[in-house]
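Input: a single structure, listed below in structure tokens.
There are 2 protein chains.
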Amino acid sequence: MTRVRLRIYLGEEEHKLGPGKVQLLEAIGEHGSISAAARSMGMAYRHAWELVNDLNRCFESPVVAASSGGRAGGGTEITPLGEELIRRFHAMERATRRAIGRDLDALDAKVAAPTRTASPAKDRSRAR
Amino acid sequence: MTRVRLRIYLGEEEHKLGPGKVQLLEAIGEHGSISAAARSMGMAYRHAWELVNDLNRCFESPVVAASSGGRAGGGTEITPLGEELIRRFHAMERATRRAIGRDLDALDAKVAAPTRTASPAKDRSRAR
Chain A
20 MTRVRLRIYL GEEEHKLGPG KVQLLEAIGE HGSISAAARS MGMAYRHAWE LVNDLNRCFE
80 SPVVAASSGG RAGGGTEITP LGEELIRRFH AMERATRRAI GRDLDALDAK VAAPTRTASP
140 AKDRSRAR
Chain B
20 MTRVRLRIYL GEEEHKLGPG KVQLLEAIGE HGSISAAARS MGMAYRHAWE LVNDLNRCFE
80 SPVVAASSGG RAGGGTEITP LGEELIRRFH AMERATRRAI GRDLDALDAK VAAPTRTASP
140 AKDRSRAR
């Protein structure tokens with residue numbers, strides 16, 4: 020299936036926002052810490068931290084912040100701006116698919132069939 | 020200015036199509052050869068050839084083909100499918116911008132002002 024991924028270049032274009040960073044934000048919201056989110060995605064903590072730090076520096080206010088209290092004694096939570104980013108990114112994905120879905124289907128119809136490594140079906144009527 | 024780039028994952032997603040490959044196709048159409056197109060984009064010939072080869076293998080028919088004759092004694096030209104790819108990609112870019120332009124503007128309004136290295140304007144009234 021032919022599909023599209025959005026990559027948003029923010030402001031003066033040093034900062035990128037795509038499905039990967041959005042998924043990381045969602046995982047932080049779900050797990051309550053960057054390290055647990057990184058683990059859930061099979062991503063190195065340092066890499067996750069850098070992605071989040073990049074987003075935090077990009078906007079006029081942070082997208083994640085330290086949370087205090089709770090059983091784990093403090094972690095990381097999504098700010099209202101972070102929540103908005105997640106919502107808006109998915110809304111943009113949906114709007115884009117609606118806008119160009121027919122083009123994607125038209126391209127898909129012209130894509131070559133994948134080369135199959137399995138052997139072709141045998142003509143049983145000729146066997147024996 | 021916050022903007023979007025489309026990356027299309029074609030068919031079973033081994034093959035990608037984005038603004039870079041489309042620009043290369045356009046340059047081949049303009050210059051009539053892969054080497055001249057690569058040169059015009061400051062791209063290594065081998066890299067350009069690989070990008071084109073990837074697209075040619077991706078679709079059920081090629082996007083560029085050898086052209087015979089002409090002063091240069093043969094080069095490369097865009098096939099009708101290649102032309103369609105260029106047209107359709109730009110149409111998808113326009114449709115996407117229309118569909119999510121307001122979201123991009125809303126994000127742009129929240130991007131932090133870039134750190135300026137230039138010195139702030141001096142208060143002339145206090146000079147001397």
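Chains as they are written, first to last, in this note's numbering: chain A, 20 to 147; chain B, 20 to 147. Just so it is clear, CB atoms sit at the ideal spot from N, CA and C, and this is done for glycine as well. Here the structure is a predicted model, which means the values were calculated and not measured.
From the options, pick the residue whose C-alpha is nearest to that of residue i; which is it?
i	options	result
histidine 34 (chain A)	A:Ile97, A:Asp124 and A:Arg76	A:Arg76
valine 83 (chain A)	A:Ser52, A:Glu32 and A:Thr21	A:Ser52
glutamate 102 (chain A)	A:Met20, A:Val41 and A:Glu32	A:Val41
glutamate 32 (chain A)	A:Arg117, A:Thr98 and A:Asp73	A:Asp73
proline 38 (chain B)	B:Pro133, B:Ala110 and B:Thr98	B:Ala110
histidine 50 (chain B)	B:Ser86, B:Ser80 and B:Arg22	B:Ser86
proline 99 (chain B)	B:Ser80, B:Ala114 and B:Ser54	B:Ser80
alanine 56 (chain A)	A:Leu104, A:Thr21 and A:Ile97	A:Ile97
glycine 93 (chain B)	B:Val23, B:Thr115 and B:Ser54	B:Ser54
arginine 22 (chain B)	B:Pro133, B:Glu112 and B:Ala132	B:Glu112
valine 104 (chain B)	A:Leu36, A:Gly61, A:Met60 and A:Asp127	A small fix is needed here, since residue 104 (chain B) is leucine in this sequence, not valine. Leucine 104 (chain B) has its Cα closest to that of A:Asp127, out of A:Leu36, A:Gly61, A:Met60 and A:Asp127.
Rounded to whole angstroms, how far is the Cβ of residue i from the Cβ of residue j, which I believe are closer than 8 Å?
i	j	result
alanine 129 (chain B)	phenylalanine 78 (chain A)	The sequence shown places lysine at residue 129 (chain B), rather than the alanine named in the question. Their Cβ separation, rounded to whole angstroms, is 5 Å, which keeps lysine 129 (chain B) and phenylalanine 78 (chain A) in contact under 8 Å.
threonine 115 (chain A)	threonine 115 (chain B)	5 Å
arginine 117 (chain B)	alanine 118 (chain A)	7 Å
At what residues does the beta strand (DSSP E) containing residue i begin and finish?
i	result
valine 130 (chain B)	Looking at the DSSP string, valine 130 (chain B) is not in any beta strand (DSSP E), and its letter there is neither H nor E.
glycine 94 (chain B)	94-97
serine 86 (chain A)	83-86
Between which two residues does the alpha helix (DSSP H) carrying residue i extend?
i	result
serine 54 (chain A)	53-59
valine 71 (chain A)	64-77
glycine 48 (chain A)	38-50
- Query: How about the segment 21-36 of chain A and the segment 120-130 of chain B: do they share at least three Cβ pairs that are nearer than 8 Å?
  - Reply: Between the segment 21-36 of chain A and the segment 120-130 of chain B, the count of Cβ pairs shorter than 8 Å is three or higher; the stretches touch.
- With contact counted as at least three CB pairs below 8 Å, one residue from each stretch, are the segment 34-50 of chain B and the segment 63-70 of chain B in contact? These segments touch.
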